[in-house]
Amino acid sequence: MTPEQLEQEAIARNTRRRTTYNLRRNSRQQAGSSTYNLRRNARQQTGSSTLSDITNQDITTGNYTTSNRASSCTRELSNTMFIAFLTLFLRITLPTLPVPEDLRSLYNDQTPIGLHFKRDIRKINHLFALTSMGVHLVESLANAQHGVYTFRAQGSIYHKKGGLLPSTSESQPRFLQLYIYDTEHEVENRLAENSTLRQDIVERVKAILDQCNPFVHNLRSLAQQENVQDCALRINEQPSDRPQYCLPTASQVAAMIVGGEEVANLNPRDILVQSTSGQLMTVLDTAGYYDPLQYPLLFPYGSYGWSINSLDNNGRTIPCRAFYAYIIQVRQCVISIILMAGRLFQQFIVDMFVKIEANKLRWIQDNQNTIRAELYQGLQDCLDVGELNPGNGDQISIDNLIHQIFPNLTEHVGDVSYMVQRAIITPTNDEVDMLNEKILKEFAGEEKNFYSFDSVPEDRQNLYPQEFLNSLSFGGLPPHILKLKFGSPIMLLRNIDTSSGLCNGTRLICSWLRDHVIEAEILTGSHKGTQVFIPCMTLKTAEDVKLPFEMIRKQFPVKLCFALTINKSQGQPFLMLVYISPNMFSAMDNYMLHYREGPHKKQKEF
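All the letters of the sequence shown, read from the start, carry residue numbers 6 to 611 under the working numbering.
Encoded structure:
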């Protein structure tokens, strides 16, 4: 059959489907009116205002029976009217996707041909796909050599299309080019992509798509043009007013542009395929042709997938997730080739999941006003200059916060009872280092700096310079430059002598700072008040630190503890504590400062 005859046959088929749809809709409307009158008469005769029920036996037999109070008004409805009545309470969102009988038999074939088809269905679909698929696939799970075959993708998935013809005469035709270029050797060109496939299956699939796929009809007609080098193909987006139950025709899905004609009324989601574009163009995942161009074995009639114009049978816009949830749903008396596609079904599910997640992210990007993003603007600037904006509207600077927790700090240098009661708790080490450095500057006394020596034992070629190693800072290691003053509080980062109270997390106050040792007094625990000496130690990075090497830092195993992380504050006997929530330093719109003092640990909100 010629493409014109195939298009006329498709138009006639759609006319028959539209007529059937109208008859069913009229039947439902009449059934709804008749059912309403029947139930109203029953209520009037029985004096009841409640709605009657349909029992399981009535559903089986097709009889409508009222309750016992209305037993005298028992009526029998015809099967057609009863089915139409039940249809009013069901959500039939999408029509069933039709399947050519030849392709259905190929899916159900249990002979070696059918088994070969289902085993290599992803490869066969790749041969007949009109667009390429860009995906970073985890090959260790998709090699079908060890364990269960799993299609796992990382990152985004892209569908791209090229020109109608290869860029050069020496280039191998691929994807939609195979439908136009050198059609006399089309099967050989397809098998050149993968020589392990059976030729008879490739020829059979080619015949099926030539008969029923409207995208293929346009490409075949384009291949018959003598001046195909001067032609282009316009692939149309799904129109918003097209009934969902109508299969697309060749004239609806695409249009040929011959001899340099100007393109009129090109929609934003329509794509124009040039003869030799020389570059790939990304296919929008919000367009209806996204699915049939990539999966001709799942959508042999070129049925549109989800798009922003997709409607259900009631004319309502259907979301992307609901659309594909309906397609992959298992239903009785409905044979879905998508669920029978095996490994191609896995690829389709992953592809559509990525599309759903991409649409969620796109909604967030396009609806910043809806999610009140303007409330977050300018907050980082306030944090950079040291200002906070609490929920009550008052502005409290970090300096004022420090003065409230550490009042008259210069007058309490070396005061053990003063230091043991106060601390600022923050979520991350970055805020801890910032606050400790700021408080130390206001602390009276001469500052002494201790510099670490960093090295990588395995680095025999000096690949890691000292400047780089010195810049590394981790939670379990002291800083490269340890800044201390007499009377400043510190915390141990390692177990030195547990019997003497020198454990990881012990808080101390500096009594004397020497070049190779720190003399300090223990602030808490059973060894409170004991004078100890802390030596310089060789420390290694923890196992959970993600580095390609193990770094060794020679430094005093202590850090300042005016401010602590939440983890380090566990078990500490604070009498006055301020907890700064993560919102303070993550540019959120609500700041919450919790103030706890006294033996009852009252909390106060600023």
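Glycine is no exception: its CB is placed at the ideal position from the N, C-alpha and C atoms.
Go to residue i, then tell me how far its beta strand (DSSP E) extends in each direction, as first and last residue.
| i | result |
| --- | --- |
| Gly-160 | 158-166 |
| Ile-332 | No beta strand (DSSP E) holds Ile-332; the alpha helix (DSSP H) holding it covers 325-332. |
| Asp-459 | 458-460 |
| Gln-560 | 557-560 |
| Arg-427 | 427-431 |
| Lys-545 | 542-545 |
Measuring alpha carbon to alpha carbon, tell me which residue in the options is nearest residue i.
| i | options | result |
| --- | --- | --- |
| Gly-506 | Val-221, Thr-535 and Ala-255 | Thr-535 |
| Met-286 | Ile-276, Tyr-294, His-131 and Gly-293 | Ile-276 |
| Gln-159 | Phe-358, Ser-137, Ala-197 and Leu-170 | Phe-358 |
| Gln-13 | Asn-27, Ile-213, Arg-179 and His-222 | His-222 |
| His-131 | Pro-483, Arg-348 and Ser-226 | Arg-348 |
| Asp-435 | Gly-293, Gly-480, Pro-470 and Asn-454 | Gly-480 |
| Thr-543 | His-532, Thr-415 and Glu-555 | Glu-555 |
| Asn-314 | Thr-322, Ser-308 and Gly-307 | Thr-322 |
| Lys-453 | Leu-489, Arg-225, Phe-328 and Asp-420 | Leu-489 |
| Phe-561 | Val-233, Ile-523, Val-421 and Phe-304 | Ile-523 |
| Ala-449 | Cys-217, Val-339, Leu-414 and Ala-197 | Leu-414 |
| Glu-432 | Ala-568, Tyr-331 and Arg-195 | A small correction: the amino acid at residue 432 is Pro; Glu does not occupy that position in the sequence shown. When only C-alpha atoms are compared, the closest one is Ala-568. |
| Val-104 | Glu-191, Asn-31 and Leu-302 | Leu-302 |
| Lys-211 | Ile-527, Pro-305 and Gln-243 | Pro-305 |
| Ser-110 | Asn-372, Arg-195 and Ala-346 | Ala-346 |
| Leu-565 | Val-143, Tyr-309, Pro-484 and Asn-241 | Pro-484 |
| Asp-187 | His-164, Glu-231 and Gln-204 | Glu-231 |
| Asn-318 | Cys-541, Leu-99, Lys-545 and Leu-28 | Leu-99 |
| Thr-281 | Cys-515, Ile-126, Thr-173 and Tyr-329 | Thr-173 |
| Thr-101 | Gln-337, Ala-15, Gly-320 and Thr-20 | Gln-337 |
| Cys-508 | Ile-539, Ser-478 and Ser-161 | Ile-539 |
| Arg-157 | Gln-426, Glu-193, Gln-351 and Asn-405 | Gln-351 |
| Glu-106 | Asn-372, Thr-116, Ile-16 and Arg-209 | Arg-209 |
| Phe-133 | Gln-177, Val-418, Leu-108 and Arg-195 | Arg-195 |
| His-521 | Ser-176, Ile-262 and Phe-455 | Phe-455 |
| Leu-482 | Glu-472, Thr-546 and Gly-419 | Thr-546 |
| Ala-255 | Ala-15, Leu-477, Thr-570 and Gln-229 | Ala-15 |
| Val-537 | Asp-502, Thr-570 and Cys-236 | Asp-502 |
| Tyr-294 | Asn-405, Leu-135 and Tyr-331 | Leu-135 |
Could you tell me whether the Cβ atoms of residue i and residue j are closer together than 9 Å?
| i | j | result |
| --- | --- | --- |
| Leu-513 | Val-563 | yes |
| Pro-324 | Ala-259 | no |
| His-141 | Ile-206 | no |
| Leu-238 | Val-288 | no |
| Ser-341 | Ile-333 | yes |
| Gly-510 | Lys-573 | yes |
| Arg-558 | Asp-459 | yes |
| Ser-457 | Leu-487 | yes |
| Lys-128 | Leu-202 | yes |
| Ile-410 | Ala-428 | yes |
| Gly-167 | Leu-183 | no |
| Ile-185 | Leu-214 | no |
| Arg-179 | Glu-191 | no |
| Gln-216 | Leu-170 | no |
| Glu-242 | Ala-292 | yes |
| Leu-440 | Pro-494 | no |
| Ser-308 | Pro-244 | no |
| Ile-343 | Leu-298 | no |
| Asp-290 | Lys-360 | yes |
| Ile-665 | Ile-430 | A question about residue 665 goes unanswered here, because the residues of the chain that appear run from 6 up to 611. |
If I follow the unbroken alpha helix (DSSP H) through residue i, where does it start and stop?
| i | result |
| --- | --- |
| Ser-256 | 255-258 |
| Leu-120 | 117-124 |
| Glu-447 | 434-447 |
| Trp-368 | 348-371 |
| Ser-137 | That residue, Ser-137, is in no alpha helix (DSSP H); its beta strand (DSSP E) goes 137-142. |
| Ser-110 | 106-113 |
| Arg-195 | 191-198 |
| Glu-3 | Coverage of the chain is limited to positions 6 through 611, which leaves residue 3 absent and any answer about it impossible. |
| Ala-237 | That residue, Ala-237, is in no alpha helix (DSSP H); its beta strand (DSSP E) goes 237-240. |
| Gln-409 | 403-410 |
Comparing the C-beta of residue i with each C-beta of chain B, is any distance below 9 Å?
| i | result |
| --- | --- |
| Ile-118 | Chain labels in this structure do not include chain B; a single protein chain is all it has. |
Should residue i be listed as close to the ligand NAD, given that the test is whether its C-beta is under 8 Å from any heavy atom?
| i | result |
| --- | --- |
| Phe-567 | In the structure shown, the ligand NAD is absent, as is every other ligand, since no ligand is present at all. |
Since I believe residue j is in contact with residue i (beta carbons under 8 Å), could you give me their beta-carbon distance rounded to a whole number of angstroms?
| i | j | result |
| --- | --- | --- |
| Gly-139 | Tyr-112 | About 28 Å; that fails the 8 Å criterion. |
| Cys-515 | Ala-525 | 5 Å |
| Tyr-300 | Trp-311 | Not a contact, Cβ separation roughly 13 Å. |
| Ser-200 | Lys-165 | That pair is no contact at about 25 Å. |
TODO: Report yes or no: do three or more beta-carbon pairs, one from the stretch 547-559 and one from the stretch 439-448, lie closer than 8 Å?
DONE: The stretch 547-559 vs the stretch 439-448: no contact.
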